[in-house]
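Take a look at the structure set out below.
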Amino acid sequence: MKLLAQIKQSIESYLLKTHGIAEDAQLILSDLNHADFQYNGALKFAKQLGVAPLKIAEEIVEQLTQYVQDVEIKAVAPGYVNFIYTQSYIEDALAPLVTGDVKPNIVDKKRIMVEYTDPNTFKVFHIGHLMTNAIGESLARLFEYGGHDVIRANYQGDVGRHIAQAIYGVLNGDIQRPADDAPLKEKTEYLGKCYVYGAQQFEASDDAKAKIREINAHIYNNDNEEINAWNQKGRNWSLERFEELYKILNTKFNYYFFESQTAPIGLEKVKANIPSVFVESDGAIVFKGEEYGLHTRVFINKEGLPTYEAKDVGLAYLKHEKEPKLNISITVTANEQAEYFKVMKKAVECIDLKIASPMMHVYHGMMSGPGGKKMSSRKGDVVTGESLIEDAMERAREVIEEHYKDKKTAAEKDAIAEAVAVAAIKFTILKQDSSKNIMFDLEKALSFEGDSGPYLLYTNARLCSIIRKSSGLMNVLGRMFSAKKSDPVGELERVLMQFPIVAERAVEAMESHRITTYALELSRAINSWYGSHKVIGSGEYEAYRLRVVQAAQQTLKTCIELLGMKAVEEM
RNA sequence: GCUUUCGUAGUUCAAUGGAUAGAACGCGGGUUUGCGGUACCCGUGAUCUAGGUUCGAUUCCUAGCGAGAGCACCA
1 MKLLAQIKQS
11 IESYLLKTHG
21 IAEDAQLILS
31 DLNHADFQYN
41 GALKFAKQLG
51 VAPLKIAEEI
61 VEQLTQYVQD
71 VEIKAVAPGY
81 VNFIYTQSYI
91 EDALAPLVTG
101 DVKPNIVDKK
111 RIMVEYTDPN
121 TFKVFHIGHL
131 MTNAIGESLA
141 RLFEYGGHDV
151 IRANYQGDVG
161 RHIAQAIYGV
171 LNGDIQRPAD
181 DAPLKEKTEY
191 LGKCYVYGAQ
201 QFEASDDAKA
211 KIREINAHIY
221 NNDNEEINAW
231 NQKGRNWSLE
241 RFEELYKILN
251 TKFNYYFFES
261 QTAPIGLEKV
271 KANIPSVFVE
281 SDGAIVFKGE
291 EYGLHTRVFI
301 NKEGLPTYEA
311 KDVGLAYLKH
321 EKEPKLNISI
331 TVTANEQAEY
341 FKVMKKAVEC
351 IDLKIASPMM
361 HVYHGMMSGP
371 GGKKMSSRKG
381 DVVTGESLIE
391 DAMERAREVI
401 EEHYKDKKTA
411 AEKDAIAEAV
421 AVAAIKFTIL
431 KQDSSKNIMF
441 DLEKALSFEG
451 DSGPYLLYTN
461 ARLCSIIRKS
471 SGLMNVLGRM
481 FSAKKSDPVG
491 ELERVLMQFP
501 IVAERAVEAM
511 ESHRITTYAL
521 ELSRAINSWY
531 GSHKVIGSGE
541 YEAYRLRVVQ
551 AAQQTLKTCI
561 ELLGMKAVEE
571 M
């Protein structure tokens, strides 16, 4: 927003000229009881300059008052500079909010790749994938909103021991195979069961362990027809099923990378850097992280096969080959990989600094159930990402069915139920600082009351309903507006004005939960306003209030979409 | 053991080193002829402990206690 940028710049130039301080003057939100926003630099520099903070604040106010008329500026003890928008400025500022033209003020545009979701063929899509997907997608949307160039990538595991374990299960387990024309979901469930069986046998029996190793070697060498056929078939089933899920989750990717592509590249890069970076140890090729305060990890195992580590080295090269001009290359995973990622990145750095420098790890906490237990895909007995989506949809369908009875077609109701279910799940994941662990309470996530995804959608739908009912008026709003009466600016208008500052900070800090928190606050303000302001039929206030409704709806919709949800107009 | 992340109402979460620590659920009490009550309003209640830095600490530093995660051929 122009005004904010102008104020920021004025403060910066004042500090530089008068006090010789080069400062990135951050304007921050204030408690609405005090002001709309504030600058706290006077408190920060008072000591350093040997001047009373209030005096500096007063000087800043004096400086700014010369240039700026749209806000009231006050210096307040002990040294805050408070800014309060004028009524007329807020009335004017509603217009760009209505059209959605408010964008964060990000100067430094970057090219950013975000890699997220990363499920493995033959395995179920579990809750961790759901989390990574929700977080990665909302980050990507945030970056786009901030004006950055965004590339979405998904790195799917289609080789490795887990496949061998699954195929062992297919060939040796006594598990009912689905028919050729069975739904994809049944097919992938079958593969999941085979994997669980194979993984259990791997631990339980030396004979199975040997056979699985053999199968794994066959996969890498591509030299056994039956194994190849199952590998192909299972891979296709899984990938097609994942696409169904991505669609439900409102995600699309620009690039799909596969471990089968990265493995040979990684193998070659690692081998080419022995012994300068990697060394042989106990029959394996390892990277000694201890020299950098990290730990040692195996990149090529005894059998000469690349591990996850080597494949990730290959992935780094593959990304660079496809997108050589990346400023930032983000990988979103669970925090259990935090230490791993440091070692892997350091190894890539030792090979080629240029490849490693954009690499950045964004990790999220682990999700646990109300019992506090880790949710794992290895033991079988778990809530999966798929089952969670299904449960949520089923619950949402009941409510929607109850609400609409036979007023809408089944397809319409289904679409609404899907949007509500996805919002419920994503909200739970995105409502808090994502690096912390998440306690997932199924009941609470699906609840339609209080802090929840459905609450945001409901608020939006309420506003849409008013807009629909006033469609005739909307067209003439522009010319009616200035001639009619406005309400005194209240909480809702002022919360709306906070959006640019919130969005800017969310983009810079890469923190989607700031959008969630704001969306909740906005929704509360909207519902509260709704209770005390009649819109349609409010006579001379109608035009102004409709504009407030439009600005609020547009802003809330933007928030909902930044979180990767669908802002349905009815629910 | 080492490394790492975290510790805020009864519960689940907020708060660039700044003003009276902000919500939701729960609990108690209210609001309807006005556009969607899946809403709104009022009340209730919290910064793990001990030091330190600072005009000022939930935030930064140190130690302790407690919880999660990682630490060699899985991903």
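Numbering (the numbering used here), first residue to last: 1 to 571.
We treat Cβ as the ideally placed atom computed from N, Cα and C, and that holds for glycine.
Source: prediction; values computed, not measured.
Where do the ends of the beta strand (DSSP E) carrying residue i lie?
i	result
Glu115	Arg111 to Glu115
Asp149	Asp149 to Gln156
Met359	Met359 to His364
Tyr256	Tyr255 to Phe258
Lys576	With the chain covering only 1 through 571, there is no way to say anything about residue 576.
His74	Residue identity differs from the one stated: residue 74 is Lys in this sequence, not His. Looking at the DSSP string, the run of the beta strand (DSSP E) that includes Lys74 is Val71 to Val76.
Arg297	Arg297 to Ile300
Ile328	Ile328 to Ala334
Ala445	That residue, Ala445, is in no beta strand (DSSP E); its alpha helix (DSSP H) goes Leu442 to Leu446.
Val495	Unbroken run through Val495 is the alpha helix (DSSP H), Glu491 to Ala509; no beta strand (DSSP E).
Ala284	Ala284 to Phe287
Would you mind working out which of the options sits nearest residue i, comparing C-alpha positions?
i	options	result
Ala506	Arg111, Lys271, Arg141 and Asp282	Arg141
Val196	Glu214, Gly173, Lys271 and Pro178	Gly173
Lys444	Tyr458, Asp433 and Phe427	Phe427
Pro275	Gly266, Lys288, Ala263 and Pro264	Lys288
Ser88	Leu64, Pro488, Val279 and Ser260	Pro488
Phe579	Asp406, Arg395 and Lys17	Summary: the structure shown does not reach residue 579, with the chain confined to residues 1 through 571, and so no result is reported for it.
Leu249	Met131, Glu291, Lys311 and Gly169	Met131
Glu291	Lys346, Gln337, Ala179 and Asp282	Lys346
Glu214	Glu303, Arg397 and Thr555	Glu303
Gly314	Gly453, Gly283, Ala272 and Thr251	Ala272
Gly192	Glu225, Phe143, Pro119 and Thr251	Pro119
Lys407	Ile11, Glu570 and Arg235	Glu570
Glu137	Ile536, Ala25 and Lys247	Lys247
Tyr155	Leu318, Thr409 and Glu226	Leu318
Ile112	Glu540, Lys557, Met510 and Ala519	Met510
Ala5	Glu23, Tyr14 and Leu27	Leu27
Ser260	Asp282, Ser281, Val286 and Gln232	Gln232
Lys44	Asn33, Glu23 and Leu32	Glu23
Leu3	Gln176, Val383, Asp70 and Ala179	Asp70
Ala153	Arg494, Leu184 and Leu139	Leu139
Tyr14	Phe37, Gln48 and Glu59	Glu59
Lys484	Leu457, Lys413, Gly539 and Ser452	Gly539
Does the distance from the C-beta atom of residue i to that of residue j stay below 7 angstroms?
i	j	result
Leu97	Ile501	no
Val605	Ile351	Residue 605 lies beyond the range of the chain shown here (1 to 571); nothing can be said about it.
Ile135	Val332	yes
Thr117	His129	yes
Val362	Ile355	no
Ala525	Glu491	yes
Lys110	Asn327	yes
Val270	Ala310	yes
Ala334	Asn460	no
Leu267	Pro306	yes
Whole-angstrom Cβ separation of residue i and residue j, contact assumed at under 8 angstroms?
i	j	result
Ser105	Tyr80	The sequence given here has Asn at residue 105, not Ser. Not confirmed; about 22 angstroms, so no contact.
Gly365	Lys436	5 angstroms
Met393	Ala421	4 angstroms
Glu386	Val124	7 angstroms
Gly157	Thr121	7 angstroms
Glu91	Ser486	6 angstroms
Ile56	Ala77	Rounded, the Cβ-Cβ distance is 12 angstroms, inconsistent with contact.
Ile300	Ala284	6 angstroms
Leu522	Thr555	7 angstroms
Leu54	Ala25	At roughly 18 angstroms, the Cβ-Cβ gap does not stay under 8 angstroms, so Leu54 and Ala25 are not in contact.
Ile400	Ala417	5 angstroms
Asn133	Thr251	6 angstroms
Met497	Asp36	6 angstroms
Just to confirm the assignment, what range does the alpha helix (DSSP H) spanning residue i have?
i	result
Tyr458	Gly453 to Lys469
Gln550	Glu542 to Leu562
Thr121	Premise fails: Thr121 is in no alpha helix (DSSP H) and is neither H nor E.
Glu280	Segment Val279 to Ser281 is the beta strand (DSSP E) holding Glu280; no alpha helix (DSSP H) there.
With a threshold of 6 angstroms, establish whether the CB of residue i neighbours any heavy atom of the ligand NAD.
i	result
His403	With respect to small molecules bound, the structure shown includes none, and the ligand NAD cannot be examined in it.
(request) Pair every Cβ in the region 511 to 519 with every Cβ in the region 537 to 553, then say whether three or more of these pairs are closer than 8 angstroms. (result) no
(request) Please confirm if the region 229 to 241 is in contact with the region 174 to 191, defined as three or more CB-CB distances below 8 angstroms between the two stretches. (result) yes
(request) Specify whether the region 243 to 259 and the region 314 to 324 touch according to this definition: at least 3 beta carbon pairs, one from each stretch, less than 8 angstroms apart. (result) yes
(request) Determine contact between the region 192 to 210 and the region 142 to 151, defined as no fewer than three beta-carbon pairs at a distance below 8 angstroms. (result) no
(message) So, does the region 463 to 472 touch the region 431 to 448, judging by three or more C-beta pairs under 8 angstroms?
(response) no
(request) May I ask you to verify whether the region 213 to 225 touches the region 157 to 167, counting CB pairs closer than 8 angstroms and requiring at least 3? (result) yes
(request) Determine contact between the region 14 to 25 and the region 53 to 66, defined as no fewer than three beta-carbon pairs at a distance below 8 angstroms. (result) yes
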